[in-house]
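Residue numbers (my numbering), protein chains in the order written: chain A, 1 to 114; chain B, 1 to 114. We put the beta carbon where it would ideally sit given N, CA and C, even for glycine. Input: a single structure, listed below in structure tokens.
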């Protein structure tokens, strides 16, 4: 059974600082997703990572994937208050009958303060 | 194009009562998924419809939960009778037929059972 673990679960950052959120998964996965959720809002897809060594960047966020280590990271550069939200990683299992069954990590609550 | 919508946004009921949650997927999306997040834990898969058929209901917690998707359009998730541990946020997502990689999420329904 696919399991996904994120850490840290809570992250309080100062504006301008850098930090990384880690996402480990237990078995082979087809794809690795990063989502952002603001309170009361939908899950917003940030990145989809497909292959080993994949790196994607959008603004102050950069996501990477190491399929051999079964690890993805979400790196935050020079944090700003607008990045405050809950971040989830999720995996889609490789084939099998779990066709669309996304497995999520616990979520990381990020708070950026002055 | 309208996104995935869910109704109600928030429901407060007493233990033992019945609640019905509704999800309207993006028009034309045959895949419909239900997920829930209980007490700040990870978001967990409940079930997956393809049109009106249940493709995978492995995540349904027990027989107090009944999901339907008559006509292959909107879906309802009924909880009867509700228990305290059912409190959480219920998310719906949809994707086009044959495409499982990009699921579009609704804003969720926050269910509070007192």
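Strictly by DSSP, which residues pair up with residue 21/A? 74/A
Review point. If we cut at 8 angstroms on Cβ distances, does residue 26/B have a partner in chain A?
Key: Residue 26/B does not count as touching chain A.
*Assigned secondary structure, residue 81/A (DSSP; H/G/I helix, E/B strand, else coil)*: It is helical.
What do you reckon, are the CB atoms on residue 106/B and residue 18/B nearer than 8 angstroms?
-> No, Cβ-Cβ distance for residue 106/B and residue 18/B is not below 8 angstroms.
message: Classify residue 16/A: buried if its beta carbon has 16 or more other beta carbons within 10 angstroms, exposed otherwise.
response: exposed
When the cut-off is 8 angstroms and only beta carbons count, does residue 61/B lie next to chain A?
no
- Task: Name the two residues that bound the continuous beta strand (DSSP E) containing residue 5/B.
- Result: 5-7
Fill in: For residue 44/A, three-class secondary structure by DSSP
strand
If I follow the unbroken beta strand (DSSP E) through residue 11/A, where does it start and stop?
10-14
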